[in-house]
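Asker: For reference, the structure I am asking about is given below.
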Amino acid sequence: MSRVAIAFATLVVGLLAANGARASDASGRNVILVTLDGVRIQELFSGMDATIAADDARSGAEDIAVTRKRYWRDTPEERRAALMPWFWGTLAPSGMVLGNQARGSKVTVRNPLWFSYPGYSEMLTGQPQPDVLSNDLVRYPHQTVLDYAHRRLGLKPTEVAQIGSWDGFKMAASRSDGTFFMNGAFEPVPAALSTPEMDQLAGLRKQVIEPWAESSNDTLTFRIALAYLHKHQPRVLWLGLGQSDDWAHARRYDLVLDYLHLIDSQLAELWRTIQTLDRYRDRTTLIITTDHGRGRTPVDWVDHDTGIQGSQDIWIAILGPDTPSMGEARDFPDVTQSDVAATMLQYLGLDYRDFNPAAGRPVPRSLSPR
Ligand SMILES: [Zn+2]
Numbered sequence: 367m368s369r370v371a372i373a374f375a376t377l378v379v380g381l382l383a384a385n386g387a388r389a390s391d392a393s394g395r396n397v398i399l400v401t402l403d404g405v406r407i408q409e410l411f412s413g414m415d416a417t418i419a420a421d422d423a424r425s426g427a428e429d430i431a432v433t434r435k436r437y438w439r440d441t442p443e444e445r446r447a448a449l450m451p452w453f454w455g456t457l458a459p460s461g462m463v464l465g466n467q468a469r470g471s472k473v474t475v476r477n478p479l480w481f482s483y484p485g486y487s488e489m490l491t492g493q494p495q496p497d498v499l500s501n502d503l504v505r506y507p508h509q510t511v512l513d514y515a516h517r518r519l520g521l522k523p524t525e526v527a528q529i530g531s532w533d534g535f536k537m538a539a540s541r542s543d544g545t546f547f548m549n550g551a552f553e554p555v556p557a558a559l560s561t562p563e564m565d566q567l568a569g570l571r572k573q574v575i576e577p578w579a580e581s582s583n584d585t586l587t588f589r590i591a592l593a594y595l596h597k598h599q600p601r602v603l604w605l606g607l608g609q610s611d612d613w614a615h616a617r618r619y620d621l622v623l624d625y626l627h628l629i630d631s632q633l634a635e636l637w638r639t640i641q642t643l644d645r646y647r648d649r650t651t652l653i654i655t656t657d658h659g660r661g662r663t664p665v666d667w668v669d670h671d672t673g674i675q676g677s678q679d680i681w682i683a684i685l686g687p688d689t690p691s692m693g694e695a696r697d698f699p700d701v702t703q704s705d706v707a708a709t710m711l712q713y714l715g716l717d718y719r720d721f722n723p724a725a726g727r728p729v730p731r732s733l734s735p736r
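In my numbering, the protein residues as written are 367 to 736.
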């Protein structure tokens with residue numbers, strides 16, 4: 367080959383490599399994971415629960431008549447639409463919602479503990495982790511989907527972010543400190559990354575009293591995440607919210623429902639915001655799920671743990687440019703919490719087998735052909 371031919375061949379190979387790299391990068395796709403702690407399939411798929419609504423005392427509602435007026439309707443479809451109008455009116459028809467066992471779609475956790483940290487660990491590492499046995503605020507050595515995406519896509523530390531209302535989220539997000547942006551329950555955003563709005567919101571977190579001292583207010587956490595999204599435009603964001611679990615443990619069914627109604631409007635705002643930003647519009651998949659369910663009866667709906675039947679039942683919702691408009695899954699293959707990580711990675715153009723060969727697989731039929 368002449369020198370000119372060699373130079374030309376090198377150029378062609380270089381262009382091909384550049385194209386290949388771009389293709390495997392899934393065209394700058396983004397993934398936003400939102401977790402709502404301990405939200406039962408009963409409320410998600412059927413709205414206000416008849417058995418709890420029928421038991422005034424055990425609902426713990428301040429005024430069950432007011433709650434009924436807001437959320438009680440004759441059919442499960444009407445009740446869930448009254449409770450979460452954006453979720454059922456916009457997300458479900460354009461995306462997919464899994465976990466309605468009455469329609470033949472089952473999503474469960476595989477870990478045997480049925481509480482938070484083991485659930486988040488399973489979700490983010492792709493498998494139950496036998497050494498995660500408590501909610502203690504410690505890191506474990508298991509690579510998470512956030513760690514992997516950060517490394518594999520060569521992202522800046524600001525381009526992967528965890529923002530949440532409980533320090534457990536910060537621990538579960540990564541096997542190491544400081545790899546990417548992580549924000550604990552009452553932690554300010556570092557000056558180099560913050561804005562006056564983020565500073566104010568982080569300050570307010572310390573002034574709002576919550577039922578449990580370890581958690582901050584979800585609305586403030588949500589607003590910090592929205593501000594972070596605008597400012598730093600992460601490729602991968604995990605927003606961890608927790609008050610659904612808090613109000614249930616406090617046996618306040620009225621506030622559980624009011625909270626879900628509020629979150630629904632915030633999810634709508636998040637989705638609208640995504641569509642206003644060039645980096646996100648038509649390139650961003652939103653995945654919403656929970657870490658565990660709760661008991662099924664008027665007595666034990668407040669709790670969750672090994673042995674409290676219903677705690678293993680969860681759900682997953684997906685909305686994005688690469689997801690089929692399937693609506694509510696019917697007669698669908700069983701899916702588990704271990705499948706969330708692989709599902710996130712597929713939207714980023716990454717292979718879960720390279721992340722963790724033992725990880726669950728992507729949710730069936732969740733990727734439309736491009
Ligand atoms: Zn809990």
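Every residue, glycine too, gets a C-beta built ideally from N, C-alpha and C. Remember, predicted model here, so these are calculated numbers, not experimental data.
Could you name the residues of the same chain whose beta carbon sits closer than 6 Å to that of Ala-427, not counting the 5 residues immediately before and after it, in chain order?
Answerer: Here residue 427 refers to the residue found at position 61 when the sequence shown is read from its first residue. Result list for Ala-427: Thr-433, Tyr-619 and Asp-620, in chain order.
Asker: With contact counted as at least three CB pairs below 8 Å, one residue from each stretch, are the region 491-501 and the region 698-712 in contact?
Answerer: The region 491-501 is in contact with the region 698-712.
Asker: Check whether the Cβ atoms of Ile-407 and Asn-466 sit closer than 8 Å, and answer yes or no.
Answerer: The count along the sequence shown starts at 1 and reaches residue 407 at position 41. The count along the sequence shown starts at 1 and reaches residue 466 at position 100. Result yes, Cβ atoms of Ile-407 and Asn-466 sit closer than 8 Å.
Asker: So within the region 460-523, which uninterrupted beta strand (DSSP E) runs reach at least 3 residues, ignoring any that extend past its ends?
Answerer: Qualifying beta strand (DSSP E) stretches, in chain order: 462-464.
Asker: With a threshold of 8 Å on Cβ separation, who are the neighbours of Gln-509 within its own chain once the five nearest residues in sequence on each side are excluded?
Answerer: Taking the sequence shown and counting its residues from 1, one reaches residue 509 at position 143. If we look at Gln-509 and ignore the five residues flanking it on each side, its Cβ neighbours are Thr-491, Arg-541, Phe-721 and Asn-722.
Asker: Whole angstroms are fine: how far does the CA of Trp-438 sit from the CA of Gly-661?
Answerer: In the sequence shown, counting from the first residue as 1, residue 661 sits at position 295. In the sequence shown, counting from the first residue as 1, residue 438 sits at position 72. Near 21 Å, if we compare the C-alpha coordinates of Trp-438 and Gly-661.
Asker: Considering only C-alpha positions, which residue in the set Val-504, Val-498, Ala-539 and Ile-529 is nearest to Ala-515?
Answerer: Taking the first residue of the sequence shown as position 1, residue 515 is located at position 149. Checking every option, the nearest Cα to that of Ala-515 belongs to Ala-539.
Asker: Have a look at the DSSP bridge pairing and note the partners of Ala-540.
Answerer: Looking up residue 540 in the sequence shown gives position 174. It should be noted that the sequence gives Ser, not Ala, for residue 540. Ser-540 pairs with nothing; no bridge assigned.
Asker: Can you tell which of Phe-546, Gly-686, Tyr-506 and Pro-507 has the C-alpha that lies nearest to the C-alpha of Trp-341?
Answerer: Past the boundaries of the shown model lies residue 341; the chain is included only from 367 to 736, so the question cannot be answered.
Asker: With the cut-off set at 8 Å, would you say Val-397 and Leu-714 are in Cβ contact?
Answerer: Position 31 of the sequence shown, counting from 1, holds the residue named residue 397. Position 348 of the sequence shown, counting from 1, holds the residue named residue 714. Yes, these two residues count as a Cβ contact at 8 Å.
Asker: What number of angstroms, rounded off, separates the C-alpha of Thr-655 from the C-alpha of Leu-402?
Answerer: For this step, residue 655 is matched to residue 289 along the sequence shown. For this step, residue 402 is matched to residue 36 along the sequence shown. Rounded to whole angstroms, Thr-655 to Leu-402 spans 6 Å at the Cα level.
Asker: On the premise that Met-692 lies in contact with Met-537, defined as a C-beta separation below 8 Å, what is that separation, rounded to the nearest angstrom?
Answerer: Taking the sequence shown and counting its residues from 1, one reaches residue 537 at position 171. Taking the sequence shown and counting its residues from 1, one reaches residue 692 at position 326. Contact flag wrong, Cβ pair sits at about 34 Å.
Asker: Compute every distance between the C-beta of Phe-535 and the non-hydrogen atoms of ligand 1, then say whether any falls below 7 Å.
Answerer: To locate residue 535, count along the sequence shown from 1; it is residue 169. Because no heavy atom of ligand 1 lies under 7 Å away, the Cβ of Phe-535 does not count as near it: no.
Asker: Evaluate Val-555 with the Cβ neighbour count: other Cβ atoms within 10 Å of its Cβ, from every protein chain shown; 16 or more gives buried, anything less gives exposed.
Answerer: As a working mapping, residue 555 is identified with position 189 in the sequence shown. With 16 or more Cβ atoms within 10 Å of its Cβ, Val-555 is classed as buried.
Asker: Mind checking whether the beta-carbon of Phe-349 lies closer than 7 Å to any heavy atom of ligand 1?
Answerer: No statement about residue 349 is possible, as the shown extent of the chain runs from 367 to 736 and does not include it.
Asker: Given this structure, state the Cα-to-Cα distance separating Ser-460 from Arg-476, to the nearest angstrom.
Answerer: Numbered from 1 along the sequence shown, position 94 holds the residue referred to as residue 460. Numbered from 1 along the sequence shown, position 110 holds the residue referred to as residue 476. For Ser-460 and Arg-476, the distance between alpha carbons rounds to 28 Å.
Asker: Pick from Asp-415, Val-498, Leu-512 and Ala-614: whose alpha carbon is nearest that of His-670?
Answerer: As a first step, residue 670 must be located in the sequence shown, where it is residue number 304. The candidate whose alpha carbon is nearest that of His-670 is Ala-614.
Asker: What is the residue span of the beta strand (DSSP E) that Gly-661 lies within?
Answerer: Taking the first residue of the sequence shown as 1, we reach residue 661 at position 295. Neither: Gly-661 is in no beta strand (DSSP E) and is coded neither H nor E.
Asker: When burial is assigned at 16 or more other CB atoms within 10 Å of the CB, is Arg-388 buried or exposed?
Answerer: Here the question's residue 388 lines up with position 22 in the sequence shown. Unreliable positioning characterises Arg-388 in this predicted model, as indicated by a pLDDT of 37, which lies under 50. The coordinate reading is nonetheless provided below. The residue is exposed, with fewer than 16 neighbouring Cβ atoms inside 10 Å.
Asker: Report the option in Phe-411, Arg-505 and Ser-610 whose CA atom is closest to the CA atom of Ala-447.
Answerer: Stepping through the sequence shown from its first residue, residue 447 is reached at position 81. Checked all of Phe-411, Arg-505 and Ser-610; the closest Cα to Ala-447 is Phe-411.
Asker: In angstroms, rounded to a whole number, what distance separates the CA positions of Leu-570 and Ala-683?
Answerer: The residue given as residue 570 occupies position 204 in the sequence shown. The residue given as residue 683 occupies position 317 in the sequence shown. Using only the alpha carbons, I get a separation of about 31 Å.
Asker: Thr-585 and Ile-529: beta carbons closer than 8 Å?
Answerer: Within the sequence shown, residue 585 is the residue found at index 219, counting from 1. Within the sequence shown, residue 529 is the residue found at index 163, counting from 1. Cβ atoms of Thr-585 and Ile-529: not closer than 8 Å.
Asker: Can you tell me the Cα-Cα spacing of Gly-659 and Gln-678, whole angstroms?
Answerer: Working through the sequence shown from its first residue, we reach residue 659 at position 293. Working through the sequence shown from its first residue, we reach residue 678 at position 312. In a straight line, the C-alpha of Gly-659 is about 6 Å away from that of Gln-678.
Asker: Quick one: grab the DSSP three-state call for Leu-443.
Answerer: The count along the sequence shown starts at 1 and reaches residue 443 at position 77. The sequence shown places Glu at residue 443, not Leu. Correct three-state label for Glu-443: helix.
Asker: Please state whether DSSP places Gln-408 in a helix, a strand or coil.
Answerer: Mapped onto the sequence shown, residue 408 falls at position 42. The answer is helix: DSSP assigns Gln-408 an H, G or I state.
Asker: Using a Cβ-based criterion (distance less than 7 Å to any ligand heavy atom), does Asp-584 qualify as near ligand 1?
Answerer: As a working note, residue 584 is residue 218 in the sequence shown. No, ligand 1 has no heavy atom inside 7 Å of this Cβ.
Asker: Between Asp-415, Gln-609 and Arg-424, which has its C-alpha nearest Asp-440's C-alpha?
Answerer: Here residue 440 refers to the residue found at position 74 of the sequence shown. Closest by alpha carbon: Asp-415.
Asker: Check whether the Cβ atoms of Val-526 and Pro-600 lie closer than 8 Å to each other.
Answerer: Stepping through the sequence shown from its first residue, residue 526 is reached at position 160. Stepping through the sequence shown from its first residue, residue 600 is reached at position 234. Cβ distance < 8 Å, so Val-526 and Pro-600 count as in contact.
Asker: Can you tell me whether DSSP reads Thr-433 as helix, strand or coil?
Answerer: Numbered from 1 along the sequence shown, position 67 holds the residue referred to as residue 433. Helix.
Asker: Cβ of Leu-464 within 8 Å of Cβ of Ala-695?
Answerer: As a position in the sequence shown, residue 464 is number 98, starting the count at 1. As a position in the sequence shown, residue 695 is number 329, starting the count at 1. The answer is yes: Cβ separation under 8 Å.
Asker: Considering only heavy atoms of ligand 1, does any lie closer than 7 Å to the CB of Asp-644?
Answerer: Position 278 of the sequence shown, counting from 1, holds the residue named residue 644. No - ligand 1 has no heavy atom lying nearer than 7 Å to the Cβ of Asp-644.
Asker: Within the present structure, is the beta-carbon of Gly-676 separated from the nearest heavy atom of ligand 1 by less than 7 Å?
Answerer: Within the sequence shown, residue 676 is the residue found at index 310, counting from 1. No - ligand 1 has no heavy atom lying nearer than 7 Å to the Cβ of Gly-676.
Asker: Does the beta-carbon distance from Trp-480 to Thr-672 come in below 8 Å?
Answerer: Position 114 of the sequence shown, counting from 1, holds the residue named residue 480. Position 306 of the sequence shown, counting from 1, holds the residue named residue 672. Yes; because the gap between Cβ atoms is below 8 Å, this pair is in contact.
Asker: Keeping to the same chain, check which residues put their C-beta closer than 7 Å to that of Ser-390; ignore five residues upstream and five downstream.
Answerer: Translated into positions along the sequence shown, residue 390 becomes position 24. With a pLDDT of 44 at Ser-390, under the threshold of 50, the modelled position of that residue is not reliable, and the figure given next carries that caveat. Answer for Ser-390: Gly-715, listed in chain order.
Asker: Check the C-beta distance from Tyr-486 over to Phe-535 and give it rounded, since I have them as a contact under 8 Å.
Answerer: By 1-based counting over the sequence shown, the position of residue 486 is 120. By 1-based counting over the sequence shown, the position of residue 535 is 169. Indeed, because the Cβ distance is near 7 Å, the residues count as touching under 8 Å.
Asker: Only counting runs of 4 or more residues, tell me where the alpha helix (DSSP H) segments fall wholly within the region 630-700, in order along the chain.
Answerer: The region 630-700 contains no whole alpha helix (DSSP H) run of 4 or more residues.
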